[in-house]
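In this text, residue positions in the sequence shown follow the numbering used here: the first is 9, and each later residue adds one.
The beta-carbon is built from N, C-alpha and C at its ideal position, and this holds for glycine as well.
Only one structure is covered here, and it is reproduced in the block below.
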Amino acid sequence: MPVNEKIPDYDLDEMVVVTAPEQLRALANPLRATLLELLLERAATVTEMAQAVDRPKSTVAYHVNLLVDASLLRVVRTRRVRAIEERYYGRVARTLYIGVLSRPEDKQVVAAINGLAEAAAESAEAHAADELRCTLAHARIPIEEVHNFWAQVQEVARRFAQIPRAGDQAYGFVAGLYPTDAPTLPDAERGPTDRRDRRRSSVHEAEREATSQHGPRVNPARRQLPDLPPVRHGGAAGR
């Protein structure tokens, strides 16, 4: 899948943790959330954003100023056109991560931010037209694997956002990972074959551990060739 690492076309942090009440309120507004998402593509002026969302320029300017005051947007560059300075806005970070909240009112604000619910409503038309690609799976996995898997999903989402822009249709991508009470099978009972395999695995593990600590075991009746000096090849160094 081709990606453009220069999307967006300005420098930004990878992640910012959001906990301030004014930041949470800013994120909870649907229009401001849309403006933030638009700026994952490139920096834009208020005029360009107003055209994209089909809203009055004054309305968009008001919401942009709120996002700037909340330290979620910033001016990334300017351009002078006919004695007027145009400001191009960008996000402060690629990912805005909602941190640990202690105030009940803040938790109520965040409860309204539900990407899965938004995607469900947004994709209804595509579902009716049989143009929805969706998968749902359940698995009983340890918490450390939850973190590992989610990191991979985040990387996929980043690659999706960096696919070069083309065509006339915009597509949505949503991912969710959450605990459920979905039914799961109990652990399989181990039979005699499983126990033999487990013993073999223990022996192999012990051999590997001994090798890592003392080096490979060598038959004393055999002579070893001396180590050859490393060979350097042209081009990039191997890892």
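C-beta neighbour in chain D for residue i, strict 7 Å
i, result
"H71", "Among the chains in the structure shown there is no chain D, since it carries only a single protein chain."
Residue i - DSSP class collapsed to helix/strand/coil
i, result
"R225", "Confidence is the limiting factor: at R225 the pLDDT is only 41, short of 50, which leaves the residue's position unreliable, though a coordinate-based value still follows. Coil at R225, not helix or strand."
"D62", "coil"
"Y70", "helix"
"G98", "strand"
"D17", "coil"
"A51", "coil"
"V76", "helix"
"T188", "coil"
"V182", "coil"
"V89", "strand"
"L144", "coil"
"V118", "helix"
"I151", "helix"
Alpha-carbon to alpha-carbon, residue j and residue i
i, j, result
"T103", "E197", "44 Å"
"R225", "P150", "Unreliable positioning characterises R225 in this predicted model, as indicated by a pLDDT of 41, which lies under 50. The coordinate reading is nonetheless provided below. C-alpha separation (whole angstroms): 37 Å."
"Q59", "E49", "15 Å"
"P194", "E133", "39 Å"
"A174", "M23", "27 Å"
"P16", "T192", "42 Å"
"R141", "V72", "33 Å"
"T27", "D176", "37 Å"
"K14", "I92", "28 Å"
"E139", "R167", "22 Å"
"R90", "K65", "19 Å"
"E113", "E126", "22 Å"
"E152", "T55", "45 Å"
"H222", "R148", "In this prediction, H222 scores a pLDDT of 49, lower than 50, which makes its location untrustworthy; no coordinate-derived value is stated."
"N12", "K115", "36 Å"
"A101", "A137", "35 Å"
"A169", "R63", "24 Å"
"D77", "R87", "22 Å"
"L144", "S110", "32 Å"
Pair within 7 Å by beta-carbon distance, residue i and residue j
i, j, result
"E94", "T67", "no"
"A183", "V154", "no"
"H135", "A190", "no"
"V117", "A36", "yes"
"R85", "Y97", "no"
"R99", "L20", "yes"
Cβ distance (whole Å) where residue i is taken to contact residue j below 8 Å
i, j, result
"P187", "P10", "35 Å between Cβ atoms; not a contact."
"Y18", "A51", "5 Å"
"L75", "M57", "The Cβ separation is near 11 Å, so there is no contact."
"V25", "T42", "Not confirmed; about 22 Å, so no contact."
"F181", "A165", "6 Å"
Proximity test, residue i beta-carbon vs the ligand HEM heavy atom, cut-off 6 Å
i, result
"R111", "This structure lacks the ligand HEM, and indeed carries no ligand of any kind."
Next item on the list: Give a yes or no on contact between the region 120-136 and the region 77-87, applying the rule of three or more CB pairs nearer than 8 Å.
Entry: They do not touch, by the three-pair rule.
Next item on the list: Kindly confirm or deny that the region 99-115 and the region 24-38 touch, where touching means at least three C-beta pairs closer than 8 Å.
Entry: The region 99-115 vs the region 24-38: in contact.
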